[in-house]
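Line by line, the protein sequences are chains A and B.
Just so we're aligned, residue 333 is where the first sequence starts under this note's numbering, counting upward by one.
Just so we're aligned, residue 669 is where the second sequence starts under this note's numbering, counting upward by one.
Think of the CB as a built atom: it goes at the ideal place given N, C-alpha and C, for glycine as much as any other residue.
In this text the structure is predicted, and so the values were computed from the model without any measurement.
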Amino acid sequence: MVTLDELRKINARCIHCRACQYAYSGEPDKEGETEEYTGMLQGCPAGIYYGWEGYFNSGKQWMARAFLNDELPASRELLEVAEACTTCGMCETQCPNYIDTVHVTEALRAAVIESGVEPLDKHKGFGTRVRDPEMKNPYAEPFTERTKWYSGDVDNKDVKVAYFVGCTGAYRQQHVADHTASILKKLGFDFTVMSEEVCCGSPLLRTGQRDVFREVMERNLEVFKDFDLLVYSCAGCYKTFRNDYPTMSGKPLPFKVKHTVDLVYELLQEGKLKINKDYAEKVTWHDPCHSIRHVGLAIKKEILENSKNWLLDERAAKKAEAEYYEMPREVLRAIPGIELREMYRIKGDSFCCGAGGGVKAQFSDMAMATAKERMKEAASTGADVIMTSCPFCITNFSDAVKALKQQEEETGKDLSDVGSKMKVVELLEVLDQLIE
Amino acid sequence: MSNYNKVTDEVVKKLVAICGDEYVTTSEPLRHSYMAKGIMGLEAVVPEVVIRPANAEEVSRVLVVANENLTPVTPAAGGLSGGFALPAIEPGGILMDMTRMEGLEVDTENRVMIVEPGLKSGDAWRIFKTKYPEWAPPIPDGAPPAATVLGDAIERGFSLVTGVYGPQADMIMGMEIVLPTGEIFHTGSWALPGAKPFYRWGVGPNPDGLFLGSQGSMGIITKCAIKMVPHPHHKTVVAYGGETWDDIIKPAWEISRYEMGISERTVMVQGGNYELVMTRWPKTNVPLDYEFYKKIGIEKKWMNYECWAHTKEELDYTLKKIDDVYKDYEAKEKRHTPQQDLHPKQVASRLKKPNKIAIPYSLWQAGFLFITWYCPWLESSKMMEEYCAKMEEYGFPPTMWVASIDHARQAIVMPILCYDSTEPGILDKIREFNLETTRSFLKQGWLNYRPDPFVHAPETFSKAKEYYKMLVKFRKVLDPNLILHPGRLAIPWETVTDLPSPFEE
């Protein structure tokens, strides 16, 4: 487990330099296409939205320290500030002292709740519903209908690959689950989905509800323990299994895990897959924080954790991280006809969609403002499509486009320069259309 | 002790009436979120209320309220590196977060920029990069992007051209100041309505020095006109090593005294020891033996010279002359001071502004403190010898950084105290170390540049009694209720020390 107390020394590294507030904090001369998107740029969604120091990671680290030192009591007020963060990890990319900023924020949330403060209303609902044996998902859908979307092989224990669908795929974006299953079939994977699968626990871990998280983590580890490989379409489930289950359980995973985009990438690299169909669109790629930045950061930190000489090994660690960030881009480059137009803040410095960390449910205004800010950046590339591979990014961007369209109707203004005409597209959907 | 009053609900209502509900908070977590202990200071008290004023008029009205209630006020924006101004004594009073005031005006004709307190280095650099690429804003070097131009200037900090132009405060051409009693006035030629900030000494006599380095205790600077500098694009860094501090200090002095010559193009002269590299990494995950650093080409001590020139010829000439000075030094003093072989990436990294070079020292354990001193350049070797020995005696690695100010007229000597901030009693140990070195250095005529209110300020003013008395007179004229950042300059004396007051004979 990673408790706030266990993170005391990590947190104590913060000297409040506030480099974490900036994307590209180490690249002052980074060239951009426009004046607005050049050099270092503010990159913390909560800090930008609320303005007060406590909403930036830099302030949160000092709130956490005060809490650890018994100078700041647990309170609903503290929890509200701590929860207003998408846990996107932009700050973690920037920190020269390698502070695990997201771990500290999540551990602070958990510690406050464990001190007796009730989880925030919407978050509490996640926990209640996931714990309910009739649901086991945050959407209040019947557990018995978890695999209803799927007409294929369920609970086949004779295969070695399982598709971990996740609650959003199972109940809200079944088309993404369908496309993923279709891709897996086309790629020749003999796989199954499991009716006993439960919520991965991501919304619970992010919002500090660790008791419920532990229950679902243990349940999933039991249900999937005999498989060799678990495949994901949900960025959040993938990150939770890959990064959080080993940390929170204290044990390595008993199976390998891969996001479907990683699988496609590997097959492309190995020459076992070629995409021949065209996708003639101008596309900008949004890196999902969960499946791209958090995994990239984990790759870097895993190398350093095993290093006896950081001075020599840091470069290799950063290189491995950077290579991971190229992965979705390699997939996009393998698509004929696609015109990739990168946004300014990308990869480890990507600007969050605004939905993560429990923010979409509890702080919907901040989630919307953040999504609009990102849509504006996407529109500045001249692309017609914003593509990503995460159910929450897709939902939040789609909501932002809807809001912009509504604004256009109400004001009569053309908001296409801030993204009102952009299409929001899930990469897996496109890959399913293109892979033969 | 102090006679300050706590912030009441009534005061908060008045602050809300001035700044707006959205920009005033008494939230306990948010007040704690401003804390900082480390890098630039260990003393900090939680403010009772935090406000984010929009302009000088709001600042002025807040100060009137603070005077009426005898509430202490601490203005802060981004500071000059990590951390920023925080209340030093109880009660914490009002913390004025100036980050909303982030205006920038650039006058390329008169070569000044006008900045508000919240303008951050990262933003200034971006704006110059895109709009004024032939000019550079004098941002603090080695500080992260959130450090502010004004924070660095008013602290007399270190900028990217300090080796030539002197401390950042020397570049100021005029200021807009809100006095503690609420009056707003301008210094320099700006004092004349309609005049540009083209002449620092203005209608004279100029009071700038009272506000620069007073750590926000004499008035709140809400605007400042500061020189911007040319940004020629032929730039590089060369470095020379040595065994002793003299090996890096003496040749640097020879180079820097070439005023109107090569030293005008040597904008930054800074150096240190191999521990400066070693302690940027976790103590448990980096070699501790010098042999490793020797193998990777790091000398025991070294000095970097960052050169900017308008042409390649000028740059090459400067580098050649620097090299000649080193060769002469080696021959004359029979020393070995080899030029270091810098990888292009190392050069690029050192030329990067703003940068995060000064930040990673928390990795060594969990916390660090910069203690900064000024002394005549050629005396810096002695100071560093003494400092390093004392650091080792106290169990700290002897991490040391030194830089030239104004053509090596002065040295800024900065030990970096790397420590574990979670270790019980560590702050007392640092205070003891600080006291012992301070007493010794003051005897030798050296000065701390950003005094700790509980150590450096009282120790210094206990010796410079007449100066302190003068300072208190000015302070009482400007701030009769002593509401601004009390304690920072050991005013009121008894709030920070038990030492006999300089007023006692």
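Beta-carbon spacing of residue i, residue j below 8 Å
{"i": "D992/B", "j": "G965/B", "result": "no"}
{"i": "M766/B", "j": "G747/B", "result": "no"}
{"i": "A701/A", "j": "D731/A", "result": "no"}
{"i": "K708/A", "j": "V750/A", "result": "yes"}
{"i": "L404/A", "j": "E696/B", "result": "yes"}
{"i": "A687/A", "j": "F724/A", "result": "yes"}
{"i": "W1114/B", "j": "M1051/B", "result": "yes"}
{"i": "A920/B", "j": "S1072/B", "result": "yes"}
{"i": "L664/B", "j": "T1128/B", "result": "Examination of residue 664/B is not possible in this model, given that chain B is present from 669 through 1173 alone."}
{"i": "Y997/B", "j": "T1005/B", "result": "yes"}
{"i": "T524/A", "j": "N488/A", "result": "yes"}
{"i": "K632/A", "j": "A652/A", "result": "yes"}
{"i": "G831/B", "j": "V897/B", "result": "no"}
{"i": "A414/A", "j": "T437/A", "result": "yes"}
{"i": "L983/B", "j": "H902/B", "result": "yes"}
Nonlocal neighbours in the same chain, by C-beta distance under 6 Å from residue i, ignoring five residues either side
{"i": "D1147/B", "result": "P848"}
{"i": "I822/B", "result": "L880 and I889"}
{"i": "W481/A", "result": "Q506 and A509"}
{"i": "R868/B", "result": "M841 and G856"}
{"i": "L1167/B", "result": "P1126 and S1130"}
{"i": "H622/A", "result": "A567, G568 and K571"}
{"i": "V449/A", "result": "A406, R408 and L411"}
{"i": "S565/A", "result": "G501, V508, T512, T592 and L760"}
{"i": "V544/A", "result": "G459, V462, R463 and L536"}
{"i": "R1003/B", "result": "D915"}
Residues near residue i by beta carbon distance below 7 Å, same chain, minus five either side
{"i": "C569/A", "result": "F496, G498, C532 and S534"}
{"i": "G714/A", "result": "K614 and R673"}
{"i": "R542/A", "result": "A442"}
{"i": "M669/B", "result": "Reliability of the predicted coordinates at M669/B is poor, the pLDDT of 44 falling under 50, and the value obtained from them is presented with this limitation in mind. The answer, listed in chain order, is E1162 and T1163."}
{"i": "K1097/B", "result": "Y1062"}
{"i": "Q1014/B", "result": "none"}
{"i": "T1105/B", "result": "Y1055 and K1058"}
{"i": "W1041/B", "result": "M1051, V1081, F1109, W1114, L1115, N1116 and Y1117"}
Residues bridged to residue i [DSSP beta-bridge criterion]
{"i": "W384/A", "result": "DSSP lists no partner for W384/A."}
{"i": "M781/B", "result": "V774/B and I894/B"}
{"i": "E671/A", "result": "K614/A"}
{"i": "M719/A", "result": "W617/A and V757/A"}
{"i": "K613/B", "result": "Residue 613/B is absent from the structure shown; chain B starts at 669 and stops at 1173."}
{"i": "I1080/B", "result": "Y1042/B and A1071/B"}
{"i": "V717/B", "result": "I762/B"}
{"i": "A744/B", "result": "D765/B"}
{"i": "K788/B", "result": "T816/B"}
{"i": "D543/A", "result": "BP columns for D543/A are empty, so no partner."}
{"i": "D1088/B", "result": "A1034/B"}
8 Å CB neighbourhood of residue i in its chain, flanking five on each side removed
{"i": "P660/A", "result": "V593, Y597, W617, D619, I624, S721 and L759"}
{"i": "E927/B", "result": "H1075"}
{"i": "V730/B", "result": "L683, I686, C687, I719, P721, V741, I762 and M764"}
Query raised in the report: For the stretch 803-860 of chain B, which segments carrying the alpha helix (DSSP H) assignment without a break, of at least 4 residues, lie completely within its bounds, in sequence order?
Result: 817-822 and 830-833
Query raised in the report: Whole beta strand (DSSP E) runs in the stretch 894-926 of chain B with 3 or more residues, listed along the chain?
Result: 902-910
Requested in this report: Go through the stretch 1010-1058 of chain B residue by residue and report every complete run of the beta strand (DSSP E) that reaches 3 residues or more, in order.
Outcome: Given a length threshold of 3 residues, each whole run of the beta strand (DSSP E) inside the stretch 1010-1058 of chain B is given here in chain order: 1036-1038 and 1041-1044.
Query raised in the report: If contact means a Cβ-Cβ distance below 7 Å, which residues of the stretch 351-371 of chain A contact chain B?
Result: A351, Q353, Y354, S357, G358, P360, D361, E367, T370 and G371
Query raised in the report: In chain order, what residues of the stretch 703-734 of chain B put their CB closer than 9 Å to some CB of chain A?
Result: M703, A704, K705, G706, I707, M708, V714, V718 and R720
Requested in this report: Counting only runs of 4+ residues fully inside the stretch 933-962 of chain B, write out the alpha helix (DSSP H) ranges in chain order.
Outcome: Secondary structure in the stretch 933-962 of chain B: the alpha helix (DSSP H) runs of 4 residues or longer, each lying completely within the stretch, are 943-946 in chain order.
Query - Within the stretch 482-527 of chain A, ranges of the beta strand (DSSP E) (whole runs, at least 3 residues) - result: 493-496
Query raised in the report: Where in the stretch 557-624 of chain A do unbroken runs of the beta strand (DSSP E), each at least 3 residues long, occur, reported from the N-terminal end onward?
Result: Within the stretch 557-624 of chain A, complete beta strand (DSSP E) segments of at least 3 residues are found at 561-564, 588-591 and 614-617, given in chain order.
**Report entry** Under 7 Å (Cβ pairs) to chain B, residues found in the stretch 617-649 of chain A
**Finding:** S639, K640, N641, W642 and L643
Query - Residues, ordered as in the chain, of the stretch 941-962 of chain B that lie near chain A by beta-carbon distance below 7 Å - result: W949, P950, N953, V954 and P955
Report task. Could you run through the stretch 1057-1076 of chain B and flag, in chain order, every residue whose CB is less than 7 Å away from some CB of chain A? Result -> none
**Report entry** Contact residues within the stretch 446-463 of chain A, judged by C-beta distance below 8 Å to chain B
**Finding:** none
Requested in this report: Pull out every residue of the stretch 1036-1056 of chain B whose Cβ sits closer than 8 Å to any Cβ of chain A, in chain order.
Outcome: F1036
Query raised in the report: Quick one, which residues of the stretch 378-393 of chain A are near chain B if we go by CB-CB under 9 Å, in chain order?
Result: G383, W384, E385, G386, Y387, F388, S390, G391, K392 and Q393
Query raised in the report: Taking any Cβ of chain A, which residues in the stretch 1137-1163 of chain B have a Cβ under 7 Å from it, in chain order?
Result: Taking 7 Å as the upper bound on Cβ-Cβ separation, chain A lies near no residue of the stretch 1137-1163 of chain B.
**Report entry** Completely contained alpha helix (DSSP H) runs for the stretch 333-360 of chain A, where each covers 4 or more residues
**Finding:** 340-343
Query - Length-filtered (4 minimum) alpha helix (DSSP H) runs lying within the stretch 672-741 of chain A - result: Here the runs fully enclosed are 691-694 and 696-711.
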